[in-house]
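Line by line, the protein sequences are chains E and V. 12 is the number of the first residue of the first sequence in this note's numbering; add one for each residue after it. 12 is the number of the first residue of the second sequence in this note's numbering; add one for each residue after it. All residues carry an ideal CB built from backbone N, CA and C; glycine is no exception. Here the structure is a predicted model, which is why all the values come from computation and not from measurement. Before any comments, here is the structure.
Protein chains: 2
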Amino acid sequence: MTSHSVLEFSIEKQGVDSQGVGRARAGRLTLRGAGEKTHSILTPVFMPVGTVGSVKGMSPADLHQMKAQIILGNTYHLYLRPGHQRVERLGELQRFMAWDGPILTDSGGFQVFSLSSLNKIDEQGVTFQSHLDGSTHRFTPELSMEIQRALGSNIVMAFDQCPPYPATREEVGAAMRRTRKWAERGLAFPLKDHQARFGIVQGGLYEDLRVQSAHEITQLPFDGFAIGGLSIGESPELMQKMAFFTAPLLPQHRPRYLMGVGRPEDLVEGVRAGIDLFDCVMPTRNARNGQLFTSQGKINIKNAKYADSKEPLDPQCPCETCTQYTRAYLRHLFVSRELLSARLNTVHNLTYYIGLMEEMRRVILEGGFEFFEVWAESFYRKRGG
Amino acid sequence: MTSHSVLEFSIEKQGVDSQGVGRARAGRLTLRGAGEKTHSILTPVFMPVGTVGSVKGMSPADLHQMKAQIILGNTYHLYLRPGHQRVERLGELQRFMAWDGPILTDSGGFQVFSLSSLNKIDEQGVTFQSHLDGSTHRFTPELSMEIQRALGSNIVMAFDQCPPYPATREEVGAAMRRTRKWAERGLAFPLKDHQARFGIVQGGLYEDLRVQSAHEITQLPFDGFAIGGLSIGESPELMQKMAFFTAPLLPQHRPRYLMGVGRPEDLVEGVRAGIDLFDCVMPTRNARNGQLFTSQGKINIKNAKYADSKEPLDPQCPCETCTQYTRAYLRHLFVSRELLSARLNTVHNLTYYIGLMEEMRRVILEGGFEFFEVWAESFYRKRGG
């Protein structure tokens, strides 16, 4: 496998912190697409989550409108329904869902542990019961690659073991060692020409285990590296601290992905730490629950105080939801459980997340790390945080 | 009230059947909008139903894309939530929902009888309990006008009594007489300058009562006339027969509206009878249930036979759903209960309904009634019906 043929990553500007460590950076990730296509992604970037073949409520045109550059698909869900072989027969995930941008698929490992019931793990893989119908299935590192190969995603994640939180040092250590072995087995499984691979660093909240896991995983010929095992129940402060600790342990010139993170402030802290890619269900899931992110902080649109508000949701925001509707209408749709509610809320939350990443990229390009620090201060001040 | 100032209706072409009766017709309905606006509607036309301030799942841009010319709002629902006075404070229904086209509101009468529990009717009005919270409310012809006035709709429907089906001749007769009295009381209630009024003919399935109701209602200074009391449980054949009987009883040069109808074949029969306006929840509700209308007949997208289908839903259809997605993907979204399912299905069903009306209009303009009869035959043949 020659990693550079399928993925290229160039750093346009990188800040250096007071300890001389490379931190917040703006880059460009180039992925070889299927056929003649090439996908160019400007980082830092947020990836909307399209769990089961759609970003809930969003059409591909909506995703383009909000300038989504890459989306995420879930291996566990797509394996169960509609089935990875079916997706492959129908032209792989991109064509299946009519999305012409790049897609990253996770390995299914996290869902196998968190969603399915009665999972049983051994050295070879994980046996679990489907959350849909209770049927028994078994994932191995090889099957995870086979599924992601069939889905045809542009970035394939290694099959790792994410221990629960809290976990003992022994449990985290064992999961970390298994993650390394599974990473090697996955690498031996051939993928399609246009598929890049990312390895995952585990190690929980133990700094020495993070150092060891990063050392082991970054020895392997991956095209990029992810920090796994965070945002699984620990406090945001611990998560941010561990991401800040782990990011510099990853190779400077490879893309870095902080999995499953997070709140807007977590994205700011992740970028500050030197992370390039993020994904989280928060903007989409919270949208459906009426929790909206704005430049002034969070809004619960159900709140009665919005019933007569002619104000836009976020006057700073260029999205359809903010330019065309009032808070009163958005509240009405939510309270009335109208289908349009989830859609408009999702358009806004994703636009906010993507816009926040664009803004951070601009700040880094314009002024480097010190300028970023000044910007971050004003970000927190505006939110009253 | 001078009806011509607020609504103008011109017939561009009208077919005449073998008995010399004016039938299928193509026209243009011009409504004075709020402010300086004028709305021009080409008929026959189908009005998508936006029950509670949105056509479920659709944005105004979607409605424009499918060439919706006018939509319907429900007085009963909007009165209960968010409240008509609130809608008025927020700029009337058009601005509230960010739809810049015209809106017809029903009178609330039908929902009061069909949706609310424990309704009690007397000469003055109807007392009922909200389907939302059981609270007690009372509608009168005057309150119905007051609500529709506040909503600011372009076409205001008279508050009528729609007897259930089946009903005795006495019950239907009593409802018909009350409908006439209520029509007069409604007419005495002042509306806004841009609001046209439609009267409603009742009379159930009794031809002589239809004659009498049509005679009485069309004496009143309404801008247009509707056929009510159909599509409430009787067979489609009876419904079509009664619409065909009643349509010519309405003034030739006023718009005719067949309320709550119907299936595609009912629209064809309605147009054949000489109807200009239609509304029905069927395309939107059935979309959410996976029932899709196509040029080849109905499709239940849940059917397993579509699981691997790379075909578009309807190859004849220009909508986003048919040009961008496969049946396999639409089935997957439906089976997985993805939000996008209802949206894509609704876009298609409404596009189909609106396209069917456009096609009938074209056929009438090109060839008149005989040509329409030929076209209708081919319409049924393609559907295998």
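What are the boundary residues of the beta strand (DSSP E) that I166/V is part of?
Numbered from its first residue, the second sequence carries residue 166/V at position 155. Note, I166/V: beta strand (DSSP E), 166-168.
Continuous beta strand (DSSP E) assignments of at least 3 residues falling wholly in the stretch 269-347 of chain V:
As summarised for the stretch 269-347 of chain V, the continuous beta strand (DSSP E) elements at least 3 residues long and confined to that stretch are 288-290, 302-305, 308-311, given in chain order.
May I ask you to verify whether the stretch 76-95 of chain V touches the stretch 323-330 of chain E, counting CB pairs closer than 8 Å and requiring at least 3?
Contact between the stretch 76-95 of chain V and the stretch 323-330 of chain E is absent, because fewer than three Cβ pairs lie under 8 Å.
CB contact check: V167/E to chain V, cutoff 8 Å
The count along the first sequence starts at 1 and reaches residue 167/E at position 156. Taking 8 Å as the CB threshold, V167/E stays off the interface with chain V.
Three-way DSSP call (helix, strand, coil) for F24/V in this model
As a first step, residue 24/V is located in the second sequence; it is residue number 13 there, counting from the start. Checking the displayed sequence, the identity of residue 24/V turns out to be Lys instead of Phe. In this structure, K24/V counts as strand in the three-state DSSP scheme.
Just to confirm, are V282/E and P113/E a CB contact at a threshold of 8 Å?
The residue you call residue 282/E lines up with position 271 of the first sequence. The residue you call residue 113/E lines up with position 102 of the first sequence. For the pair V282/E and P113/E, the CB atoms are not nearer than the 8 Å cut-off.
Measuring only the C-alpha atoms, how far is T190/V from F57/V?
Translated into the one-based positions of the second sequence, residue 190/V becomes position 179. Translated into the one-based positions of the second sequence, residue 57/V becomes position 46. Rounded to the nearest angstrom, the two C-alpha atoms are 25 Å apart.
Residues bridged to E19/V [DSSP beta-bridge criterion]:
Mapped onto the second sequence, residue 19/V falls at position 8. Secondary-structure assignment with DSSP links E19/V through a beta bridge to T41/V.
In the DSSP assignment, the beta strand (DSSP E) including L74/E goes from what residue to what residue?
Residue numbering aside, residue 74/E sits at position 63 when the first sequence is read from its first letter. For L74/E, no beta strand (DSSP E) segment is defined; the enclosing uninterrupted segment is the alpha helix (DSSP H) at 71-76.
Looking at C-alpha atoms only, which residue of G273/V, T257/V, Y363/V, R221/V is the closest neighbour of G244/V?
For the purposes of this step, residue 244/V is taken as residue 233 along the second sequence, with counting starting at 1. The shortest C-alpha separation from G244/V is found at G273/V.
Since H148/V sits in a beta bridge, which residues does DSSP pair it with?
Counted from its first residue, the second sequence places residue 148/V at position 137. According to DSSP, H148/V shares a beta bridge with F139/V.
Could you work out which residue in I132/E, F200/E, N300/E, S320/E is closest to N360/E when comparing CA atoms only?
What you label residue 360/E is simply residue 349 of the first sequence in a count that begins at 1. Of the listed residues, the one whose Cα sits closest to N360/E is N300/E.
Q25/E to R372/E, Cα distance in whole Å?
On the first sequence, position 14 is the one that residue 25/E refers to. On the first sequence, position 361 is the one that residue 372/E refers to. Whole-angstrom Cα-Cα distance: 10 Å.
Suppose the cutoff is 6 Å on Cβ atoms and the five residues either side in sequence are ignored; what does the same chain contact list for A237/V look like?
As a first step, residue 237/V must be located in the second sequence, where it is residue number 226. The beta carbon of A237/V sits closer than 6 Å to those of F209, I211, Y268, M270, all from its chain and outside the five residues before and after it, given in chain order.
Coarse secondary structure for R267/V, derived from DSSP in three states
Position 256 of the second sequence holds residue 267/V. The answer is strand: DSSP assigns R267/V an E or B state.
Endpoints, the beta strand (DSSP E) within which I132/E is located:
For this step, residue 132/E is matched to residue 121 along the first sequence. Note, I132/E: beta strand (DSSP E), 128-132.
Do D290/E and L83/E count as a contact pair if the criterion is CB distance below 8 Å?
By one-based count along the first sequence, residue 83/E stands at place 72. By one-based count along the first sequence, residue 290/E stands at place 279. Taking 8 Å as the Cβ cut-off, L83/E and D290/E qualify as a contacting pair.
Based on the DSSP secondary-structure assignment, which residues constitute the bridge partners of L115/V?
On the second sequence, residue 115/V is found 104 positions in, with the first residue counted as 1. In the DSSP output, where bridge partners are listed per residue, L115/V has L83/V, I166/V.
Determine the closest residue to R160/E out of Q96/E, E19/E, H343/E, with distance taken between C-alpha atoms.
Mapped onto the first sequence, residue 160/E falls at position 149. When each option's Cα is compared against that of R160/E, the closest is Q96/E.
At least one CB of chain V closer than 8 Å to the CB of S14/E: is that the case?
Within the first sequence, numbered from 1, the residue matching residue 14/E stands at position 3. For S14/E, the predicted model reports a pLDDT of 42, less than 50, meaning its position is unreliable; a value from the coordinates is still stated below. Against chain V, the CB of S14/E has no partner CB under 8 Å away; the residue lies outside that interface.
Using a Cβ-Cβ cut-off of less than 7 Å, list which residues of the stretch 86-98 of chain E approach chain V; keep chain order.
Answer in chain order: R92, P93, R97.
Pick from V346/V, E280/V, G240/V, Q30/V: whose alpha carbon is nearest that of F2/V?
The shown model of chain V, from 12 to 396, leaves out residue 2/V, and the question about it has no answer.
Own chain residues within Cβ distance below 7 Å of V32/V, not counting five before or after
Here residue 32/V corresponds to residue number 21 of the second sequence, with the count starting at 1. Within the same chain, V32/V has close Cβ partners P259.
Minimum C-alpha distance to E384/V - residue among S146/V, L241/V, S29/V
Here the question's residue 384/V lines up with position 373 in the second sequence. Ranking S146/V, L241/V, S29/V by CA distance to the CA of E384/V puts S29/V first.
Nearest to N85/V by CA position, among G214/V, L104/V, G240/V, is which residue?
The residue labelled residue 85/V in the question sits at position 74 within the second sequence. The residue with the shortest Cα to Cα distance from N85/V is L104/V.
In chain E, which residues lie with their C-beta within 8 Å of the C-beta of G64/V?
Translated into the one-based positions of the second sequence, residue 64/V becomes position 53. Chain-order list of chain E residues neighbouring G64/V: Y340, H343, L344, S347, E349, by C-beta distance under 8 Å.
Chain V residues whose Cβ lies nearer than 8 Å to that of A318/E:
Within the first sequence, the letter at position 307 stands for residue 318/E. Under the 8 Å cutoff, chain V gives P93, R97.
Who does T54/V pair with in a DSSP beta bridge?
In the second sequence, residue 54/V corresponds to position 43, counting from 1. Per the DSSP secondary-structure output, T54/V pairs in a beta bridge with G38/V.
Is there a Cβ from chain V that is less than 8 Å from the Cβ of V101/E?
For the purposes of this step, residue 101/E is taken as residue 90 along the first sequence, with counting starting at 1. Before going further, note that residue 101/E is Leu rather than Val in the sequence given. Cβ-Cβ to chain V under 8 Å: yes for L101/E.
So, does the CB of Y336/V fall closer than 8 Å to a CB anywhere in chain E?
Locating residue 336/V in the second sequence gives position 325, where the first residue counts as 1. It does; some Cβ of chain E falls within 8 Å.
Beta strand (DSSP E) containing V98/E: first to last residue?
Your numbering for residue 98/E matches position 87 in the first sequence. Membership of V98/E in any beta strand (DSSP E) is not indicated; the residue belongs instead to the alpha helix (DSSP H) covering 95-100.
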